[in-house]
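Engineer: My questions all concern the structure below.
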Amino acid sequence: MKKILTLLIIQKEDKILLGLKKHGFGMGKWNGFGGKVNKGETIEDAAQRELLEESGLVVQSMEKIGVLNFVWQGNPEIWEVNIFKAHEFIGQPQETEEMRPRWFLLKDIPFEAMWPDDKHWLPLFLENKKFKGIFLFNQSNVIESYNLYES
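Position 82 of the sequence shown, counted from 1, bears residue number 82 in UniProt numbering, the numbering being contiguous throughout.
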């Protein structure tokens, strides 16, 4: 069983926009903006909708740069996360019920307060390298194994 999700990160020169998740799955972690794809929605539409809902921003153009599959031991569901990068947007980041956006200099990305897989794939993302991978987590959200490669 596969669940299709999106993740969109805005990179502007020497900084990226992340959001602090305020509740629910991933609460207290910095992440890109995204979520599930609704029925009848393309992954691109879902990425744009989630960015708007979580930050108040409207993306002008974006590029799909990666696909990651996440698996948790003891759970048959696979999360397929389609990762997008955007440079151009309209508006100013706004705190929402779900996320608190903040710009980070690339040298100051808070990996210690992010999902543990981010430190593996985010460098490829920042270098504009397309990638695919799979991460296996245990039930404590610790990475048991992973396979990541440029595509």
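Here a beta-carbon is modelled for each residue, glycine too, at the ideal position from N, C-alpha and C.
So, using beta-carbon positions, are Gly66 and Phe137 closer together than 8 Å?
Structural biologist: As a first step, residue 66 is located in the sequence shown; it is residue number 66 there, counting from the start. As a first step, residue 137 is located in the sequence shown; it is residue number 137 there, counting from the start. Result no, Cβ atoms of Gly66 and Phe137 do not sit closer than 8 Å.
Engineer: Can you tell me which of Leu18, Ala86, Lys129, Pro116 puts its alpha carbon nearest to the alpha carbon of Phe70?
Structural biologist: The residue you call residue 70 lines up with position 70 of the sequence shown. Phe70 has its Cα closest to that of Pro116, out of Leu18, Ala86, Lys129, Pro116.
Engineer: Could you tell me the alpha carbon to alpha carbon distance between Leu52 and Val58, rounded to whole angstroms?
Structural biologist: To locate residue 52, count along the sequence shown from 1; it is residue 52. To locate residue 58, count along the sequence shown from 1; it is residue 58. Rounded to the nearest angstrom, the two C-alpha atoms are 6 Å apart.
Engineer: Using C-beta distances below 7 Å, list every residue in its chain close to Gly77, excluding the 5 sequence neighbours before and after it, in chain order.
Structural biologist: Position 77 of the sequence shown holds residue 77. Reading the sequence as shown, one finds Glu at residue 77 and not Gly. Cβ neighbours of Glu77 beyond the five flanking positions: Met1, Lys3.
Engineer: Have a look at Lys36 and Met99 and give me their C-alpha separation to the nearest angstrom.
Structural biologist: Numbered from its first residue, the sequence shown carries residue 36 at position 36. Numbered from its first residue, the sequence shown carries residue 99 at position 99. Each residue's alpha carbon lies about 15 Å from the other.
Engineer: From what residue to what residue does the alpha helix (DSSP H) around Leu51 run?
Structural biologist: Residue mapping note: residue 51 aligns to position 51 of the sequence shown, counting from 1. Taken as a continuous stretch (DSSP letters only), the alpha helix (DSSP H) holding Leu51 covers 43 to 55.
Engineer: Using a 10 Å radius around the Cβ and a threshold of 16 neighbouring Cβ atoms, would you call Met27 buried or exposed?
Structural biologist: Counting from one through the sequence shown, the residue named residue 27 turns up at place 27. It counts as exposed.
Engineer: From this set, His120, Ala113, Pro101, Val142, which residue's C-alpha is nearest Tyr149's C-alpha?
Structural biologist: For the purposes of this step, residue 149 is taken as the residue at position 149 of the sequence shown. It is His120 whose Cα lies nearest to the Cα of Tyr149.
Engineer: Run the CB neighbour count on Asp118, radius 10 Å, all protein chains shown included, and call it buried at 16 or more, exposed below.
Structural biologist: Position 118 of the sequence shown holds residue 118. Looking at its Cβ environment, which holds 16 or more other Cβ atoms inside 10 Å, Asp118 is buried.
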